[in-house]
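Below: one structure, written as structure tokens.
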Amino acid sequence: MANILRKIDHWLCTILLRVAQVAMLALVVIVTYTVIARFVFNTGNSWAEEVPRVLVAIFAFLACAMGVRDHLHTSVGVLYNRLPEGGKAQKALNVFTDVCILLISIFMIKVGGDYCFSLASKGGKLPMTQWPVWIQYVSIPISGCVMLFHSILFLTGVLKPGDTFFSDKMDDPMEKARAMMKAEEEAKGGAKA
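Just so we're on the same page, my numbering is the position in the sequence shown counted from 1, plus 16.
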């Protein structure tokens, strides 16, 4: 079962990455076009304000889900890095972090989903593109679902904190400092002998 879940995760992460890349590329192209049209040709398009706003929301919330997948979320490591590496206390903090993300993702699904359904039921449209208003917010419950899936995979042990998809494994600055201190101690010990 774990292998099937890892394959689903890989497939899901690949789709997320492609959608985020397309959103970012489209955002850059549209904003560049808008700036050139406005300042070089003294013209512009009305839709060029709304579409980037939707693309930014899509990219930002997908990036949030990607960060959860690779454990790139903001954290304070002062206490965590002082605890024994791989010890029970660090594992407990990892579980606590994943539970918090699980709760946040449930909140995003519930509140974001309710808001999208509320807007959809009212039938509003964006003024320039005539897209439904809920399209601006649909990335919130979608990324919440992805974050929920990833937090469950981490809590059940299918994924480990060191497993990455979107990023390279980062060098831990504390690990580098420990290695340097150990090398210095060994050098001092060798010089005395």
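C-beta atoms are modelled at their ideal positions from N, C-alpha and C, and glycine is treated no differently.
_Across the stretch 58-70 and the stretch 115-131, are there enough close Cβ pairs to call them in contact, namely three or more that are closer than 8 Å?_
no
_I'd like the span of the alpha helix (DSSP H) that includes Lys138, first residue to last._
Gly129 to Lys138
_If the criterion is Cβ atoms closer than 8 Å, does the pair His166 and Val115 meet it?_
no
*Paired residues, beta bridge with Lys141 - DSSP*: Pro148
*Quick one: what's got a C-beta closer than 6 Å to Ser62's C-beta in the same chain, skipping five residues either side?*
Met144
*Taking the alpha helix (DSSP H) that Ser121 falls in, what are its first and last residues?*
Lys104 to Phe123
*In the structure shown, what three-state DSSP assignment does Asn61 receive?*
coil
*Measure the beta-carbon distance from Leu28 to Val162 and round it to whole angstroms, keeping in mind my assumption that it falls under 8 Å.*
7 Å
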